[in-house]
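One structure below.
Protein chains in written order, with my numbering: chain A, 8 to 121; chain B, 211 to 324.
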């Protein structure tokens, strides 16, 4: 069975700085998808970024980018130029290629200080 | 705009009572999911459905049931509520085969079992 591990329960960053959130996963599959979701205090789950395992290129969405290391089974999220609105819980999630079920990590709470 | 809604947003009930949480989506997605979110566990899959009349157990299905009589709705029933079922519940939908492999989440229902 696949598992997702987020080893940083909490992280903090100063406004305008860069922070990296870690995620590792375990799978025997070769094709899959990885996601980062943001959950602000409103509780709404918001998709931040997704990565297809068969793509070598790291996904980027504005200030958010990932470092996808398939061999190491690592999928970290980098937030550049951090803003106060980035403060939230961040969840890493895994999805097998031929299913729609998501497997989530335990989350990392990010605090952003002015 | 298409959306996914949950009701109620907050519910307090007593041990042993039957509780039903509603989930309604207007995306016309075939796939619907129920997760529970607990501190230290992230989101865990309770039940899911890949279409009308289809239901499947997830990772933490004991004490819960679902039924899918139409595309739009997937109600979650707690047959006899227990204090261990105090949690935040999220409904989500997706439709990978229709080209929408991202899961869209509802706003969540906070359930307290006294």
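Heads up, the beta-carbon is just placed ideally off N, CA and C, and yes, glycines get one too. Just so you know, these numbers come straight off a predicted model, no measurement behind them.
Check                                                                                                                        : Outcome
Min CB distance residue 31 of chain A to chain B below 9 angstroms                                                           : no
Proximal residues to residue 306 of chain B (C-beta, below 8 angstroms), its chain only, five neighbours per side dropped    : 241
Short Cβ contact (9 angstroms threshold) for residue 243 of chain B with residue 292 of chain B                              : no
Within chain B, partners of residue 71 of chain A - CB distance below 9 angstroms                                            : Within chain B, no residue comes near residue 71 of chain A; the closest Cβ sits about 15 angstroms away, beyond 9 angstroms.
Nearest neighbour of residue 283 of chain B, chosen from B:268, B:289, B:224 and B:258 [CA to CA]                            : B:258
Paired residues, beta bridge with residue 322 of chain B - DSSP                                                              : B:222
Cβ of residue 49 of chain A within 9 angstroms of any chain B Cβ                                                             : yes
Bridge-paired residues (DSSP) for residue 100 of chain A                                                                     : A:42 and A:111
Residue-level contact to chain A via CB, residue 211 of chain B, 9 angstroms cutoff                                          : no
The region 36-44 of chain A touching the region 98-117 of chain A, judged by at least three CB pairs closer than 8 angstroms : yes
Buried versus exposed, by CB contacts within 10 Å (16 or more), residue 45 of chain A                                        : buried
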